[in-house]
Amino acid sequence: MNELRQLTEHIISPSGPFFSDLTRLPSITDKVQSLMARQPRGESLQRMRNALSAANVVAEVFAGAARAAFVGTAIIKSLETAGVVSAGFIDHVTGGVNSIGREMASDFQTLHKDDFLKLHGHVRPGTYDIRVARYDETPESYFDWQRPLQRPPKSTNGLTVSRAQVNAMQQAFDQCGLNVSAEQFLQFAQAAIASREKLKYLYAAFVSDVLRSLCDWGEVHGLDRDQLSFAQITDFTRGYADIDRKRLHQAIAHNRSRWYETQLVRTPSIICQPQDLFGHRVHWCNPNFITRSATHARVAHVLPGQLAPDIEGCIVLIENADPGFDWIFTHRIAGFITAYGGENSHMSIRAREFAIPAAIGVGDTRFKTLLAATSLLLDCAERRIQVLA
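If you count by UniProt numbering, then the sequence shown holds residues 1 to 389, one letter each, in order.
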């Protein structure tokens with residue numbers, strides 16, 4: 001336990017690795033802004049390799065920020081469970097974060113379409129799915145420029161926590177021997193949550209440029225996005241010599257065949273022993289209900305790479321949402337439900353930021369059941385999802 005306490009104190013400390021990594025954030029942001037400002041130039045595979053190299057650097061910093069955010073949210077949830085702070089305190093802390101999600105929503109309200117896409121056009125639902133268009137490739141599929149959602153501005157006063165809550169947190173830290181002040185911890189938690197989201201956004205910008213460069217190369221050599229989706233990135237990074245296109249076509253055909261085969265296999269959510277692969281029970285997952293609000297509305301199913309349905313006023317169903325789905329928060333949605341994801345996932349953060357009721361990680365079986373509904377009740381306080389029609 002002493003080692004765990006010391007490690008936690010080191011992570012939270014202003015002189016620790018997390019705050020040290022944060023000093024690299026401005027230079028990474030500048031690189032992404034430069035990437036978005038210029039037109040693609042140079043040989044496409046060289047551009048791809050340059051973007052991939054940059055993505056590797058950002059990924060290292062992002063990994064540290066993600067771990068820090070998990071530490072912060074885990075401690076807050078522990079404080080909630082112990083009754084030190086009230087239920088929903090994590091929503092309050094996250095809601096006070098000045099994140100990239102809130103920044104994008106604000107930019108959508110205030111910027112001209114062209115300026116907005118210069119800033120955020122690289123975002124791609126699915127992040128790694130080359131078949132899916134970026135925001136700047138098919139903007140009308142994602143955004144309603146005629147009816148921009150007017151969200152109330154975020155308070156400039158920052159996070160407000162009562163003195164009683166701060167004292168209770170400090171007492172809890174002292175009792176478990178954690179040498180951290182409550183004020184320092186709250187500063188750390190908010191910074192970790194915000195930087196995790198920002199770095200994931202910046203990392204995705206370089207990934208998006210990798211995929212765009214591959215699309216450019218494929219267009220010249222007669223390979224469409226669907227074909228490229230069955231290639232491996234190593235097919236293009238093994239050397240700087242010309243790509244053996246005959247071998248590449250063979251690899252694509254082989255990978256496509258293997259993919260279709262794997263679609264016939266169903267595996268358990270958790271594999272505890274080899275025998276689980278031969279037979280298992282299908283269990284309903286316990287989702288993470290975010291906020292304590294309730295809503296009922298018609299259902300809209302959103303799929304990456306397909307024309308977005310009208311989601312105004314709907315409970316949106318998304319199988320596996322990532323930062324590329326932030327476009328849904330420029331619409332007036334009633335709530336959303338995902339098949340996969342956890343309490344610390346990107347979409348959980350967004351639900352808390354915008355105070356939108358959500359059920360994260362209902363599981364594949366339950367998600368397919370909900371797809372058959374036309375209207376749902378989502379009651380987060382009661383942890384209930386009910387089919388109304």
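Glycine is no exception: its CB is placed at the ideal position from the N, C-alpha and C atoms.
Subject >> Beta carbon of F173 nearer than 7 Å to that of V180 >> reply: Taking C-beta atoms as the reference points, F173 and V180 count as a pair closer than 7 Å.
Original post:
Nearest CA to the CA of A253: which residue from T338, E197, L223, H331?
Top reply: It is L223 whose Cα lies nearest to the Cα of A253.
**OP:** Can you tell me which of the three DSSP states L178 falls into?
**Re:** DSSP, read as helix, strand or coil, puts L178 in coil.
Original post:
Within 6 Å: the Cβ of C176 and any heavy atom of the ligand MG?
Top reply: With respect to the ligand MG, the structure offers nothing, as it holds no ligand at all.
**OP:** Can you tell me which of H331, R384, S375, A372 puts its alpha carbon nearest to the alpha carbon of F145?
**Re:** At residue 145 the sequence reads Trp, which differs from the Phe that was named. W145 has its Cα closest to that of H331, out of H331, R384, S375, A372.
Subject >> Bridge partners - S375, DSSP secondary structure assignment >> reply: DSSP output for S375 lists R298 as bridge partner(s).
Original post:
Contact between the region 94-107 and the region 335-353: three or more CB pairs below 8 Å?
Top reply: Put simply, the region 94-107 touches the region 335-353. At least three CB pairs are less than 8 Å apart.
**OP:** In angstroms with no decimal places, state the Cα-to-Cα distance between A341 and D322.
**Re:** For the sequence presented, residue 341 should be read as Gly rather than Ala. Those two C-alpha atoms are separated by around 9 Å.
Subject >> Best match in H10, Y135, E312 for proximity to S208 [C-alpha to C-alpha] >> reply: It is Y135.
Subject >> Pair within 7 Å by beta-carbon distance, residue 413 and A297 >> reply: Outside the displayed span of the chain (1 to 389) sits residue 413, for which this structure offers no information.
**OP:** Throw me the rounded Cβ distance for the V265 and A189 pair, which I believe falls under 8 Å.
**Re:** At roughly 40 Å, the Cβ-Cβ gap does not stay under 8 Å, so V265 and A189 are not in contact.
Original post:
Should L370 be labelled buried (16 or more other beta-carbon atoms within 10 Å of its own) or exposed?
Top reply: L370 comes out buried.
Original post:
Of the residues F325, T160, E382, which one's Cα is nearest the Cα of Y128?
Top reply: The residue with the shortest Cα to Cα distance from Y128 is F325.
**OP:** Could you check the C-alpha separation between A184 and S20 for me, to the nearest Å?
**Re:** Residue identity check: residue 184 is Gln in the sequence provided, not Ala. Answer to the nearest angstrom: the Cα atoms are 15 Å apart.
Original post:
If we call anything under 7 Å between Cβ atoms a contact, is P125 one with P304?
Top reply: One thing to note: P125 has its Cβ within 7 Å of the Cβ of P304.
**OP:** Have a look at G335 and Q250 and give me their C-alpha separation to the nearest angstrom.
**Re:** Distance between the alpha carbons of G335 and Q250 is about 44 Å.
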